[in-house]
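Only one structure is covered here, and it is reproduced in the block below.
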Amino acid sequence: MTATSAPVRPSVPIPGRRPPLPVVESIPRHQLLDQASQLFDQASRAAEAGDVADSAQLILKALDCERRAGGVGPQVLQLIKPRG
-12 MTATSAPVRP SVPIPGRRPP LPVVESIPRH QLLDQASQLF DQASRAAEAG
38 DVADSAQLIL KALDCERRAG GVGPQVLQLI KPRG
């Protein structure tokens, strides 16, 4: 007698419910800041070469890295206990 596994059903989105967020590996803060610095340098070179659109895209990517670096670490709201 062979064991058969249950059929796998495709995940069907449930109306009014968001799909689960993908698991994102945590990147250390210093790596994000280093990446932001490199992107700002690339943006500066692109602007000097006259490629304004590419420079703008690189600046946005660098700002995103800085924003993400600010969110690395313990979440303060989870550490605060309500008085009660």
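Going by the working numbering, the first residue of the sequence shown is number -12, and it counts up by one from there.
Positions of the beta carbon are idealized from the N, C-alpha and C atoms, including for glycine.
Distance between Ile46 and Ile14, taken at the CA atoms: about 20 angstroms.
Segment contact: the segment 17 to 27 against the segment 48 to 60, three or more CB-CB distances shorter than 8 angstroms; contact assigned.
Around the beta-carbon of Leu26, 16 or more other beta-carbon atoms lie within 10 Å, marking it buried.
In terms of CA proximity to Asp51, Ala23 leads the group Ala23, Arg4, Pro2.
In terms of Cβ geometry, Ser42 and Ala49 do not form a close pair [threshold 8 angstroms]. Boundaries of the alpha helix (DSSP H) around Ala40: 39 to 57.
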